[in-house]
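Q: In this note's numbering, the protein residues as written are 278 to 608. Positions of the beta carbon are idealized from the N, C-alpha and C atoms, including for glycine. These numbers come from a predicted model, not from an experiment.
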Ligand code: ATP
Ligand code: LTN
């Protein structure tokens, strides 16, 4: 019997970090057992910001190797590059004509990115969520595992699917978001500024733990993590953002619940928590890094995986696109 479809993607920009792993990729790996999965390197999204072409190419292969090193199985799931499947851009246009400017202008990510990139506020930044909706709807996706920051984009995707279905008949499956709770890693915060989200486009690498950071770098970054002037190890996002984030990281890396950790650390200091969190992350990432190094050595194989992924994705994408065009009266 055919299984439901799962789709997710990450932009090949910056460096993959522990926030992406705990917020999204860990769920990707787990859900592979229950869904037919497609995982995309959404490079057309990445070019909403300036990319150095040679760097983008190299980084895209790094990301594929990391997807696999983290547990995505290419023989089971489809891994592909967004730009290899032109149907994404084509469906985006069809959806664009049904998306209102007001809907796009109020997206938090658009507002954040335009505030940061005042010299490059391009049309792509505004249209970004429509391309994301196309990514998802093209595969009749049921489940979309993402971090908490993508919730608003998922809601827009559902609105667009409903709008199109009401107008043209049942053309799209309504996708459901899979977002871990904040406590479970849905929103990992920056190490030095724990009131903002850990992000791979952060200029200060001290704010994130990259999946490829060496053990020493990881330990040092955690040592410098911002906490507070109190000394109690307790989960309280509002008043103790830094400490709560460390507890979330430690919980994500060890599998222990936050309340168990709070009990374990009664009477212990922040230094202790930082060292243990560092060691837990080093232990979590060590096998991933070893596997990455092995896979990254063979670019030919990575390209074969992407080519085969693109062929499989295209076959599915074509079906939906034909269905939509027919429903809309496009000859
Ligand atoms: P950028 O900073 O380059 O805009 P980003 O770091 O936000 O990007 P994305 O490519 O936008 O990363 O996100 C990839 C996936 O990781 C998405 O599902 C997103 O929700 C999730 N994610 C990103 N940052 C975090 C975080 N700090 N905590 C939890 N999940 C996250
Ligand atoms: N916008 C997402 C990346 C993304 C995505 C998708 C995630 C693009 N297309 C489709 C899930 C499904 C982000 O994380 N910034």
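Taking 7 Å as the cut-off, is the C-beta of residue 427 nearer than that to any heavy atom in the ligand ATP?
A: Yes, Cβ of residue 427 sits closer than 7 Å to a heavy atom of the ligand ATP.
Q: In angstroms with no decimal places, state the Cα-to-Cα distance between residue 348 and residue 284.
A: In a straight line, the C-alpha of residue 348 is about 16 Å away from that of residue 284.
Q: For a minimum of 4 consecutive residues, which ranges assigned as the alpha helix (DSSP H) are wholly contained in the segment 332–391?
A: Segments of the alpha helix (DSSP H) lying fully in the segment 332–391: 364–373 and 378–382.
Q: Can you say whether residue 407 is buried or exposed, counting buried as having 16 or more other CB atoms within 10 angstroms of its CB?
A: When all chains shown are included, residue 407 counts as buried.
Q: How about the segment 409–421 and the segment 595–605: do they share at least three Cβ pairs that are nearer than 8 Å?
A: Yes, the segment 409–421 touches the segment 595–605.
Q: Going by alpha carbons, who is nearest to residue 502 out of 360, 297, 481 and 427?
A: Among 360, 297, 481 and 427, the Cα nearest to that of residue 502 belongs to 481.
Q: Report the partner residues of residue 228 according to the DSSP bridge assignment.
A: Within the shown structure, residues of the chain are numbered from 278 to 608, placing residue 228 beyond reach of any answer.
Q: Using only CA atoms, which one of 372, 513, 421 and 441 lies nearest to residue 539?
A: The shortest Cα separation from residue 539 among 372, 513, 421 and 441 belongs to 513.
Q: Contact between the segment 374–394 and the segment 427–434: three or more CB pairs below 8 Å?
A: Touching, yes, given that three or more Cβ pairs across the two stretches are closer than 8 Å.
Q: At what residue ranges does the segment 563–607 contain a whole run of the alpha helix (DSSP H), taking only runs of 4 or more?
A: The segment 563–607 contains these whole alpha helix (DSSP H) runs: 576–605.
Q: Verify whether the separation of the beta carbon atoms of residue 579 and residue 554 is less than 8 Å.
A: In this structure, residue 554 does not lie closer than 8 Å to residue 579 by Cβ.
Q: Taking 7 Å as the cut-off, is the CB of residue 519 close to at least one heavy atom of the ligand ATP?
A: The answer is no for residue 519.
Q: Output yes or no for whether 8 Å exceeds the beta carbon distance between residue 558 and residue 530.
A: A contact, by the Cβ cut-off of 8 Å.
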